[in-house]
Amino acid sequence: MSLLLHILRYKFLSFFKTTFDLRAVSLVRGIGSLIVFGGFGLVAYSASYELTLFVMEKTRIGLFLYHRFISMVLFVFFMAVNMGNIIVSYATLYRSAEVNFLFTKPVSFTQIFLLKFLDNFLYSSTTLFLVAFMVLFGYGTYFGYPWYSFLGILIFVLVPFMFLSASVAVLVLMSVMKVASRWGFRKVLVLIGSVYASLVFLFFRFTNPIRLVNQVSQYYPEVDQYFSQFDPGFLSYLPNNWVADFLFFFAKGQWEMALPFAGTLLAVTIGMFGLVLFVAHRFYYKSWLVTFEVQASSNSVEAGRKMKLFDFRKRSLLPPQVEAVLKKDYFQFFREPSQWIHLLLMLVLVIIFVLSIRNLNLGLRVTDVQVLTYLVLYAFGVFLSCSLALRFVFPSISLEGKSFWSQLSAPFDVRKLFLLKFAVSLLLVLTLAILVAVASNLPFVRLTERRPLLMYFGLYSAFWVSLTLVALNLGLGGYFSNFQEKNPIRLASSQGATLTFLVSLIYLVTLVVVVSAPLLKYFESLFFFLPFDFRMIVVPGTIFGMISSAIVGFSVMIGLRSLQRDF
Amino acid sequence: MIELLNVTKKFGSFTAVDNISLTVPKGEFFGFLGPNGAGKTTTIKMMAGLFTPTAGTIKLCGFDTATHPNEAKMRTSYVPDQPFLYDKLTGREFMYFMGGLYKMEKKVIRERVEMMIEHFEIGEWVDKRTEDYSQGMRQRTTIAAALIHEPDVIIIDEPMVGLDPRSAKIVRETLKQKSEEGVVVFMSTHSLPVAEELCDRIGIINKGRLVFVGTQSDLAMYKTRYDGKFESVFLELTK
Chain W
1124 MSLLLHILRY KFLSFFKTTF DLRAVSLVRG IGSLIVFGGF GLVAYSASYE LTLFVMEKTR
1184 IGLFLYHRFI SMVLFVFFMA VNMGNIIVSY ATLYRSAEVN FLFTKPVSFT QIFLLKFLDN
1244 FLYSSTTLFL VAFMVLFGYG TYFGYPWYSF LGILIFVLVP FMFLSASVAV LVLMSVMKVA
1304 SRWGFRKVLV LIGSVYASLV FLFFRFTNPI RLVNQVSQYY PEVDQYFSQF DPGFLSYLPN
1364 NWVADFLFFF AKGQWEMALP FAGTLLAVTI GMFGLVLFVA HRFYYKSWLV TFEVQASSNS
1424 VEAGRKMKLF DFRKRSLLPP QVEAVLKKDY FQFFREPSQW IHLLLMLVLV IIFVLSIRNL
1484 NLGLRVTDVQ VLTYLVLYAF GVFLSCSLAL RFVFPSISLE GKSFWSQLSA PFDVRKLFLL
1544 KFAVSLLLVL TLAILVAVAS NLPFVRLTER RPLLMYFGLY SAFWVSLTLV ALNLGLGGYF
1604 SNFQEKNPIR LASSQGATLT FLVSLIYLVT LVVVVSAPLL KYFESLFFFL PFDFRMIVVP
1664 GTIFGMISSA IVGFSVMIGL RSLQRDF
Chain G
59 MIELLNVTKK FGSFTAVDNI SLTVPKGEFF GFLGPNGAGK TTTIKMMAGL FTPTAGTIKL
119 CGFDTATHPN EAKMRTSYVP DQPFLYDKLT GREFMYFMGG LYKMEKKVIR ERVEMMIEHF
179 EIGEWVDKRT EDYSQGMRQR TTIAAALIHE PDVIIIDEPM VGLDPRSAKI VRETLKQKSE
239 EGVVVFMSTH SLPVAEELCD RIGIINKGRL VFVGTQSDLA MYKTRYDGKF ESVFLELTK
């Protein structure tokens, strides 16, 4: 134990020295981050408060339905933390230089595992903690929670919930390592990815929100009742439901009903962590050795000699420099499982989203409801682009790594490199943005009797949003570049990345605010048969374009300058 | 030809390279020596275009690296002290990648790659991804890739680190041969015997300043002032 504390002490010292660096540049950066984080916290707080107010008092869907939606959001949150942890912990537990170093020292495997597990959990969950806590704060303020209850919920509900997710992730990862030595890493990862995508799909299939709304509506006006009979049986075994039920009863002031759910969560988390430690004690070192076998078997001379798609030896119509950089990026991406599997997972989720909403039956001709539905879908689409850009565009310059000397010392203009990365990233983000925009606008085109205005807006927005987010993430990714870090997920959850993500979210909120007024007028004109002045869209559309252009210009300038820094 | 004119590099208040001027003519093998932290790698990185000088001018083959960086780089080759390679590429792919960056035709790249594979005896593992390479394998691949475009100037930082005796011999002979063919070789090293064996001229840098530049005969004269050993001269000059 004292050894563990000794190592932790030096890890904390290193962390504090790098975080609380007193040089002017670092101070300015720190203060900037604090302002952005603080601002973002405030936005998350007020958005959560306003949403709860709106849902409870304007739409009056009732406590039960509201907490079922919260349960669904928590499920997505749980899966996001879980999948993030699986991918990050592979690098932290199995591919880290620190682990190699510690294995040569008289530190037990379980202690090394514990250190890296905590390291991984704290590193990848800090921002999510901030978001989740501020959302909880806004939600709790509406229900008039006493101040000390927030601390209690944070420690006894929120932290265990995320810790449970991380523990499950590591358990899955160690199982993957066990099976990978027999089946091959690629096959196992594809299998795990498919299982996760299926789980998400099945969860939403069995907890169909529309059917739930219809069922609860039959009991109107008794919508505040606890309609547990509508829940599919398996829900009571899911941690997201424990948290949602805890919040439901807590909001009703029924402590005695709420506490068993928190107790269950805490007990399961402790049990799961115990199981993880037990498995790690028995298997961590062995599974660490497996990584070498897996790597050796996946990197053979024979495989390397085979002619591949986009092989460097093949002729190309592209100019040599462009061809060299594109092919290099292609192989670097598709030979790194944490890259292509994450992309595949995101694509699957986008496809599930697109398939789910394209046939959405909006039915109600109520302005507020339709504006809200449109804005939620719109915000989700932009959020998806934000996440995609953060995960794949932000790290792309840093991922050149220490090998970047090869390009910087060659007769190759770095502006060309920036442009190439920009073009490839834009292609990816724009394609998905258009797909989401078309799918989420189709139900509204049907609702508005085939008037194409909203679809045009969706495509216009998809273009600008993609352009802006790619520029922002590439530019700030260059500014905050860290050529020492090889792990794309750690890069995408670094301080610079978090700051970029928060700026992206501020951009998202600005867009929602800019488009909400003309949208409201548009739906009013449709539902109340009023004339619609098309000039209403010109001003917000111009503001939209101007804000986006300003961000693009600023980001590109920063990105290009960052590439000219000393390497 | 390499020309450094009053080159200075500062990092904040710290001066890493202080007003260095030096000319290395065509075909010369120049050894660049100095203790740790003397400014060798900083000087080399400025020549390679990885650092921008705070003051002064660097010309490679007559091209100013500040105003005509691409023309200068086209004729130059740089090998870093740590042979970092893209770990998901094979050694062969890395050489093709470098050839592409130097705008070489595919046919020429193919011929040169085969030649390098044979010359550096790396055929056994050149088709494995570099993530599994040892330090020596990386070093040989990096040097091979650096010579793909037949440069006029080779700037090489600590080439012998991590090489086994056979590989070190191949590298030494290759660099010497290049120098005899008229290529400028600017090599930084900590190995005094290697510098003595290979270099036509030697420069010693200490605390950012050039404290000695001379030919082998100049060095021999210096040595007589001490105990006849290069090591003693080096230690005295870098006190």
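Chains W and G, in that order, give the protein sequences. Taking our numbering, the leading residue of the first sequence gets 1124, the next gets one more, and so forth. Taking our numbering, the leading residue of the second sequence gets 59, the next gets one more, and so forth. Where is the CB? At the ideal position from N, CA and C, for every residue including glycine.
Beta-carbon neighbours of residue i, restricted to chain G and to distances below 7 Å
i                  : result
ASN1364 of chain W : Ordered by position in chain G, no residue passes the 7 Å Cβ test against ASN1364 of chain W, which lies about 42 Å from the chain.
SER1526 of chain W : PHE142, LEU143 and TYR144
LYS1451 of chain W : TYR144, LEU147 and PHE155
ARG1438 of chain W : LYS164
Cross-chain neighbours of residue i in chain W, by beta carbon under 9 Å
i                 : result
ALA278 of chain G : Those do not exist, as ALA278 of chain G stays about 35 Å from chain W at its closest Cβ, beyond 9 Å.
PHE109 of chain G : ASP1689 and PHE1690
ASP76 of chain G  : In chain order: nothing, as chain W lies at least about 17 Å away.
Closer than 7 Å at the beta carbon, the chain W residues around residue i
i                 : result
LYS146 of chain G : PHE1454, GLN1455, ARG1458 and GLU1459
ASP215 of chain G : Going along chain W, no residue has its Cβ under 7 Å from ASP215 of chain G, so there is no contact; the nearest lies around 10 Å.
ALA106 of chain G : SER1532
ASP139 of chain G : Neighbours of ASP139 of chain G on chain W: none; closest Cβ ~10 Å, over 7 Å.
Residue of the options minimising C-alpha distance to residue i
i                  : options                                       : result
LYS1437 of chain W : G:ARG168, G:CYS257 and G:GLU86                : G:ARG168
GLU208 of chain G  : G:LYS67, G:TYR136 and G:GLU189                : G:TYR136
VAL1537 of chain W : W:LEU1549, W:SER1548, W:GLU1523 and W:LEU1550 : W:GLU1523
LEU1495 of chain W : W:VAL1282, W:ILE1154, W:TYR1246 and W:PHE1646 : W:PHE1646
GLN1462 of chain W : W:PHE1138, W:VAL1151 and W:VAL1211            : W:VAL1211
PHE1201 of chain W : W:LYS1181, W:MET1124, W:ARG1309 and W:ASN1363 : W:ASN1363
ARG267 of chain G  : G:ILE60, G:LYS68 and G:MET59                  : G:LYS68
PRO300 of chain G  : W:ARG1688, W:VAL1637, W:GLY1668 and W:LYS1525 : There is no way to answer for residue 300 of chain G, as the model of chain G reaches only from 59 to 297.
VAL1635 of chain W : W:GLY1664, W:PHE1655 and W:THR1623            : W:GLY1664
GLN1234 of chain W : W:PHE1324, W:MET1124, W:LEU1653 and W:SER1169 : W:MET1124
Under the three-state DSSP convention, the category residue i falls into
i                  : result
TYR1268 of chain W : coil
TYR284 of chain G  : coil
ALA113 of chain G  : strand
TYR1213 of chain W : helix
ILE1193 of chain W : helix
TYR144 of chain G  : coil
ARG1573 of chain W : coil
ALA96 of chain G   : coil
THR81 of chain G   : strand
GLU61 of chain G   : strand
ASP122 of chain G  : strand
LYS67 of chain G   : strand
VAL241 of chain G  : coil
ARG1405 of chain W : helix
ARG187 of chain G  : strand
LEU1440 of chain W : coil
MET104 of chain G  : helix
Proximity of residue i and residue j at Cβ, strictly below 9 Å
i                  : j                  : result
ARG196 of chain G  : PHE142 of chain G  : yes
ALA1512 of chain W : SER1563 of chain W : no
SER1627 of chain W : LEU1592 of chain W : yes
VAL1694 of chain W : ILE1154 of chain W : Not covered by the structure: residue 1694 of chain W. The range shown for chain W is 1124 to 1690.
GLY1316 of chain W : ILE1475 of chain W : no
TRP1411 of chain W : TYR1217 of chain W : yes
LEU1238 of chain W : LEU1389 of chain W : no
PRO258 of chain G  : GLU86 of chain G   : It should be noted that the sequence gives Asp, not Pro, for residue 258 of chain G. Yes, they are a contact pair.
PHE1371 of chain W : TRP1378 of chain W : no
Which residues DSSP lists as bridging residue i, in chain order
i                  : result
SER246 of chain G  : G:PHE90 and G:ASP215
GLY272 of chain G  : G:ILE260
VAL75 of chain G   : G:LYS67
LEU137 of chain G  : The sequence given here places Val at residue 137 of chain G; Leu does not occur at that position. Beta-bridge pairing links VAL137 of chain G to G:ILE214.
ARG1218 of chain W : According to DSSP, which records beta bridges pairwise, ARG1218 of chain W is partnered with nothing at all.
ARG267 of chain G  : G:ASN264
Under 8 Å from the C-beta of residue i: neighbouring residues of chain G
i                  : result
ALA1533 of chain W : LYS131, MET156, LEU159 and TYR160
LYS1544 of chain W : Those do not exist, as LYS1544 of chain W stays about 15 Å from chain G at its closest Cβ, beyond 8 Å.
GLU1446 of chain W : GLY158
9 Å Cβ cut-off: residues of chain G touching residue i
i                  : result
PRO1443 of chain W : GLY157, GLY158, LEU159, TYR160, LYS161, MET162, GLU163, LYS164 and ILE167
LYS1539 of chain W : Going along chain G, no residue has its Cβ under 9 Å from LYS1539 of chain W, so there is no contact; the nearest lies around 10 Å.
Beta-carbon neighbours of residue i, restricted to chain W and to distances below 8 Å
i                 : result
GLU189 of chain G : GLN1418 and ASN1422
LYS186 of chain G : ASN1422, SER1423, VAL1424 and GLY1427
TYR136 of chain G : TRP1528 and SER1532
GLU61 of chain G  : None at all; the shortest Cβ gap to chain W is about 18 Å.
| Residues within the stretch 192-225 of chain G neighbouring chain C, beta-carbon criterion of under 7 Å | No chain C is present in this structure, whose protein chains are W and G.
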